[in-house]
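This report refers to the structure that appears directly beneath it.
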Amino acid sequence: MQPFTEQVITIIRAIPVGKVMTYGQIAASAGSPRGARQVVRILHTMSDKYDLPWHRVINVKGEIAITEDESRFLQKILLEEEGITLNEDGRIDLSIYRHDG
DNA sequence: GCCATGGCTAGTA
DNA sequence: GCCATGGCTAGTA
Numbered sequence: 004m005q006p007f008t009e010q011v012i013t014i015i016r017a018i019p020v021g022k023v024m025t026y027g028q029i030a031a032s033a034g035s036p037r038g039a040r041q042v043v044r045i046l047h048t049m050s051d052k053y054d055l056p057w058h059r060v061i062n063v064k065g066e067i068a069i070t071e072d073e074s075r076f077l078q079k080i081l082l083e084e085e086g087i088t089l090n091e092d093g094r095i096d097l098s099i100y101r102h103d104g
């Protein structure tokens with residue numbers, strides 16, 4: 004496993020309950036400001052194996068970025084269970100819920 | 001070759 | 001809405 008991948012995993016696991024981080028923010032924290040898409044890939048391939056709180060990762064607009072319907076719905080539910088409120092337009096207020104890693 | 005991004009622009013209101 | 005990007009991974013040889 005590459006150092007970047009390890010960093011990303013560590014960072015994601017450290018997101019507290021009730022908080023979120025964005026793909027780009029995680030990439031930047033892991034030392035690669037343009038590596039947002041790799042965070043996507045890592046979530047895809049590593050979430051199960053490393054027990055990542057994948058639902059606490061959203062895009063920079065505050066949106067759930069998942070395309071698949073079931074997982075999308077699940078993410079919304081998991082976030083709400085942690086006390087995160089989604090707006091009418093389905094967005095999350097990053098000024099409130101963003102975790103500064 | 002991929003892509004669950006992000007930042008910038010053009011186009012609408 | 002477009003498209004440049006980048007680190008990884010699947011797939012071939």
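All residue numbers for the first sequence refer to the working numbering, where the first residue is 4 and numbers rise by one. The beta carbon of each residue, even a glycine, is placed where N, CA and C say it ideally should be.
Compare the Cα-Cα distances from residue i to each of the options and report the closest residue.
i      : options                    : result
Asp-54 : Arg-94, Asp-103 and Val-11 : Val-11
Below 7 Å CB to CB, which residues in the same chain sit around residue i once its five sequence neighbours on both sides are set aside?
i      : result
Val-63 : Thr-25 and Gly-27
Ala-39 : Tyr-26, Gly-27 and Ala-30
Met-49 : Ile-12 and Leu-55
Val-43 : Tyr-26
Ala-33 : Phe-7, Gln-10, Val-11 and Ile-14
Looking at the unbroken alpha helix (DSSP H) that takes in residue i, where does it start and where does it end?
i      : result
Thr-70 : It is not in any alpha helix (DSSP H) - Thr-70 carries neither H nor E in the DSSP assignment.
Ile-15 : 6-16
Ser-50 : First-last for Ser-50: undefined, no H or E at that position.
Ala-31 : 26-32
Assign residue i to one of three DSSP states: helix, strand, or coil.
i       : result
Val-60  : strand
Arg-101 : strand
Ile-80  : helix
Kindly list the residues whose CB is nearer than 8 Å to the CB of residue i, restricted to its own chain and excluding five residues on each side of it in sequence; keep chain order.
i      : result
Arg-75 : Ile-67 and Ile-69
His-58 : Leu-77, Gln-78, Leu-81 and Leu-82
Excluding the five sequence neighbours on either side, which residues of its own chain have a C-beta within less than 6 Å of the C-beta of residue i, listed in chain order?
i      : result
Gly-65 : Arg-94, Ile-95 and Leu-97
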